[in-house]
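*Asks:* Below: one structure in structure tokens.
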Amino acid sequence: MTDRAISDLGGLTGGPIDISEHQPTLSERRIDAMMMLLRKKPQAFWVTDENRRTIESLEPKAYEESAYYERWVLAIRALLIEKSVLGEAEIEAKLAEVRARPAGYTREDQR
Amino acid sequence: MSSHDNTQDHHHGDAAGHDHTTFQPDLKEPTEDWEFLEIALRELLIEKDILSSREIQDEIEAWENKSPEGGAKIVARAWTDDAYRQRLLADGNAAVGELGFTVEALKLVALENTDKLHHMIVCTLCSCYPRPLLGVPPLWYKSREYRSRTVREPRAVLKEFGTELPVTTEVRVVDSTADCRYLVIPRRPNGTEGLSETALAELVSRDSMIGTAEAFGLGGKRNTL
Amino acid sequence: MTGPHAIGETVRVSAGLPPGHVRTPLFLRGRTGVVIRHFGDFPNPERLAYGLSGLPKLHLYQVLFRMDEAWADEVGKESVEDGTYAPGDTVAADIYETWLEPL
Numbered sequence: 000m001t002d003r004a005i006s007d008l009g010g011l012t013g014g015p016i017d018i019s020e021h022q023p024t025l026s027e028r029r030i031d032a033m034m035m036l037l038r039k040k041p042q043a044f045w046v047t048d049e050n051r052r053t054i055e056s057l058e059p060k061a062y063e064e065s066a067y068y069e070r071w072v073l074a075i076r077a078l079l080i081e082k083s084v085l086g087e088a089e090i091e092a093k094l095a096e097v098r099a100r101p102a103g104y105t106r107e108d109q110r
Numbered sequence: 000m001s002s003h004d005n006t007q008d009h010h011h012g013d014a015a016g017h018d019h020t021t022f023q024p025d026l027k028e029p030t031e032d033w034e035f036l037e038i039a040l041r042e043l044l045i046e047k048d049i050l051s052s053r054e055i056q057d058e059i060e061a062w063e064n065k066s067p068e069g070g071a072k073i074v075a076r077a078w079t080d081d082a083y084r085q086r087l088l089a090d091g092n093a094a095v096g097e098l099g100f101t102v103e104a105l106k107l108v109a110l111e112n113t114d115k116l117h118h119m120i121v122c123t124l125c126s127c128y129p130r131p132l133l134g135v136p137p138l139w140y141k142s143r144e145y146r147s148r149t150v151r152e153p154r155a156v157l158k159e160f161g162t163e164l165p166v167t168t169e170v171r172v173v174d175s176t177a178d179c180r181y182l183v184i185p186r187r188p189n190g191t192e193g194l195s196e197t198a199l200a201e202l203v204s205r206d207s208m209i210g211t212a213e214a215f216g217l218g219g220k221r222n223t224l
Numbered sequence: 000m001t002g003p004h005a006i007g008e009t010v011r012v013s014a015g016l017p018p019g020h021v022r023t024p025l026f027l028r029g030r031t032g033v034v035i036r037h038f039g040d041f042p043n044p045e046r047l048a049y050g051l052s053g054l055p056k057l058h059l060y061q062v063l064f065r066m067d068e069a070w071a072d073e074v075g076k077e078s079v080e081d082g083t084y085a086p087g088d089t090v091a092a093d094i095y096e097t098w099l100e101p102l
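Below, the structure written as structure tokens:
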């Protein structure tokens with residue numbers, strides 16, 4: 000069904016709904032906050048519909064397998080590159096540096 | 000995206016070795032690709048003065064301060080003040096504004112549940128939700144299962160939330176596909192005539208404002224959200 | 000000013016399958032419903048999604064569909080029997096004017 004956008008789910012079958020409550024993790028809260036701030040004026044790097052379009056453009060496998068905020072952070076990455084706010088190379092370099100940090104350090108956010 | 004091979008150099012002893020977790024014990028080391036990506040993007044944005052650490056923290060706190068209590072206040076007012084209820088139904092943005100809430104750039108639409116008509120809200124295309132009034136949406140609202148099944152089998156979905164309605168009540172699934180955000184005004188429980196607005200608000204659960212449940216009955220469960 | 004459609008008017012959702020970002024769910028394409036609300040005019044999301052202005056704005060309507068109409072392809076499905084919806088149940092969606100055709 001290539002005519003169906005990956006995000007367009009109405010009427011598909013599915014299993015039971017997991018209605019348990021879930022406290023968002025710090026990573027999730029930060030992603031949420033970054034998304035909101037980057038859309039907020041006066042910066043307004045993009046609008047909600049661009050964000051939706053970007054999420055819909057994820058590879059179907061990535062959309063299916065990623066959690067909600069994982070899709071959001073992938074969209075933030077893609078949009079920051081698309082809007083020339085950040086470059087792909089600098090993101091990859093920073094990511095490599097972050098991953099190489101000793102345990103514990105990545106959690107520090109007093110900057 | 001879900002590979003776990005990025006933990007290679009990290010020692011993830013759960014108990015020992017994490018001295019600095021004592022002040023925030025719920026924090027865990029990032030292990031997933033996307034968690035590292037969050038750190039990398041955030042730090043780059045801060046380095047470039049596009050965002051500040053403070054701004055991010057303030058935004059997180061601002062969202063944590065928004066909760067279904069906001070929506071519950073609005074519903075309780077609508078239950079007790081008929082003129083307010085009429086204004087809320089006619090112009091949601093203006094009416095919630097009277098109580099100090101703003102829903103920017105979007106049209107807020109209040110939908111009233113009755114014995115004959117029960118609204119329940121879903122977003123089949125993404126996860127649109129009246130966040131200024133209800134806070135950050137629950138995980139299930141954003142889940143594939145809720146978003147796919149609700150428009151096709153609403154009564155089966157309602158049952159999973161413990162809600163069963165007579166067939167004489169029209170279940171109207173409202174798919175929030177565009178620029179409107181919906182707030183359900185649940186039915187006011189019987190026997191609550193003497194209750195104060197504050198006491199009534201405690202009966203208004205988050206799920207009753209999404210329409211997957213009804214408001215808590217008198218003497219029933221109280222809202223803890 | 001309610002735009003091209005009136006409250007109570009029967010309309011059909013375009014059955015088109017355009018590429019790109021759209022806000023009309025697939026399950027309602029080609030289905031017939033009734034306009035129950037007019038919300039005003041809003042920037043066009045199909046243009047906003049690509050960094051464009053979203054102008055001209057489009058009239059936005061809430062359209063109501065009977066469940067049996069939305070799921071009519073499921074031939075022989077007895078709506079009451081499987082308990083997933085009742086005969087009087089409905090689904091409403093917000094649809095921009097460009098997607099609606101008068102009947």
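One line per chain: the protein sequences are A, B and C, in this order. In terms of numbering that gives the first Met the number 0, the first sequence opens at residue 0 and continues consecutively. In terms of numbering that gives the first Met the number 0, the second sequence opens at residue 0 and continues consecutively. In terms of numbering that gives the first Met the number 0, the third sequence opens at residue 0 and continues consecutively. The C-beta atom is built at its ideal place from N, Cα and C for all residues, glycine as well.
Tell whether a beta-carbon distance below 9 Å holds between I18(A) and F160(B).
*Replies:* Yes. Within cutoff.
*Asks:* Using a Cβ-Cβ cut-off of 8 Å (strictly less than) and excluding sequence neighbours within five positions of S51(B), which residues of its own chain qualify?
*Replies:* Once the five neighbours on either side are set aside, the close Cβ partners of S51(B) are I45.
*Asks:* Identify whether E64(A) lies in helix, strand or coil by the three-state DSSP scheme.
*Replies:* Of the three classes helix, strand and coil, the one that applies to E64(A) here is helix, per DSSP.
*Asks:* I'd like to know if N5(B) contacts chain C, where contact means its C-beta is closer than 9 Å to some C-beta of that chain.
*Replies:* With a pLDDT of 37 at N5(B), under the threshold of 50, the modelled position of that residue is not reliable, and the figure given next carries that caveat. With 9 Å as the cut-off, N5(B) does not count as an interface residue toward chain C.
*Asks:* With a cut-off of 9 Å, does the C-beta of D174(B) fall near any C-beta of chain C?
*Replies:* At least one chain C Cβ lies under 9 Å of D174(B).
*Asks:* Can you name the start and end residues of the alpha helix (DSSP H) that I22(A) belongs to?
*Replies:* According to the sequence displayed, residue 22(A) carries Gln and not Ile. Neither: Q22(A) is in no alpha helix (DSSP H) and is coded neither H nor E.
*Asks:* Given V79(C), which residues of its chain have a CB within under 8 Å of its CB, disregarding the five upstream and five downstream residues?
*Replies:* Residue placement at V79(C) is poorly supported in this model, since its pLDDT is 46, which falls under 50; the coordinates are not used for a value here.
*Asks:* Could you name the residues that DSSP lists as bridge partners for G32(C)?
*Replies:* V10(C), per the DSSP bridge assignment.
*Asks:* Under 9 Å, do R154(B) and T83(C) count as touching if we go by C-beta distance?
*Replies:* Closer than 9 Å, so yes.
*Asks:* Consult DSSP for D206(B) and reduce its assignment to one of helix, strand or coil.
*Replies:* Three-state result, D206(B): helix.
*Asks:* Using only CA atoms, which one of T30(B), V74(B), D32(B), T211(B) lies nearest to I120(B)?
*Replies:* It is T211(B).
*Asks:* Using the three-state DSSP reduction, which class does F215(B) fall into: helix, strand or coil?
*Replies:* Note: F215(B) maps to coil in three-state DSSP.
*Asks:* Once DSSP output is grouped into helix, strand and coil, what is the label at K39(A)?
*Replies:* The answer is coil: DSSP assigns K39(A) none of H, G, I, E or B.
*Asks:* Applying the criterion that 16 or more other CB atoms from any shown protein chain within 10 Å of the CB defines a buried residue, is F22(B) buried or exposed?
*Replies:* Since pLDDT at F22(B) reaches only 42, below the 50 mark, its modelled position is unreliable, and no value is offered.
*Asks:* Mind checking who G39(C) pairs with in its DSSP beta bridge?
*Replies:* According to DSSP, G39(C) bridges with L59(C).
*Asks:* Taking buried to mean at least 16 other C-beta atoms within 10 Å of its own C-beta, is E152(B) buried or exposed?
*Replies:* By the neighbour-count rule (16 or more Cβ atoms within 10 Å), E152(B) is buried.
*Asks:* So who's on the other strand from L116(B), going by DSSP bridges?
*Replies:* Answer by DSSP bridge pairing, in chain order: E169(B).
*Asks:* Given that R52(A) touches chain B, what residues does it touch there, using C-beta distances under 8 Å?
*Replies:* In chain order: nothing, as chain B lies at least about 11 Å away.
*Asks:* Which residues in the same chain as S56(A) place their Cβ atom closer than 8 Å to its Cβ, once the five residues preceding and following it in sequence are excluded?
*Replies:* Excluding sequence neighbours, S56(A) sits near A77.
*Asks:* Does the beta carbon of T9(C) come closer than 9 Å to any beta carbon on chain B?
*Replies:* Not an interface residue.
*Asks:* Indicate whether L36(A) and L40(B) have their beta-carbon atoms separated by less than 9 Å.
*Replies:* No, the pair does not count as a contact, with Cβ atoms beyond the cut-off.
*Asks:* By DSSP's criteria, P137(B) is part of a beta bridge. Which residues make up the other side?
*Replies:* The partner list for P137(B) (beta bridge, DSSP) is empty, contrary to what the question assumes.
*Asks:* When Cβ atoms are compared, which residues of the region 68-81 of chain A fall closer than 8 Å to chain B?
*Replies:* From the region 68-81 of chain A, only Y68, E69, V72, L73, I75, R76, L79 have a Cβ closer than 8 Å to chain B.
*Asks:* Can you pull the chain A residues whose beta carbon is under 9 Å from the beta carbon of I59(B), in chain order?
*Replies:* In chain order: L25, R28, R29, D31, A32.
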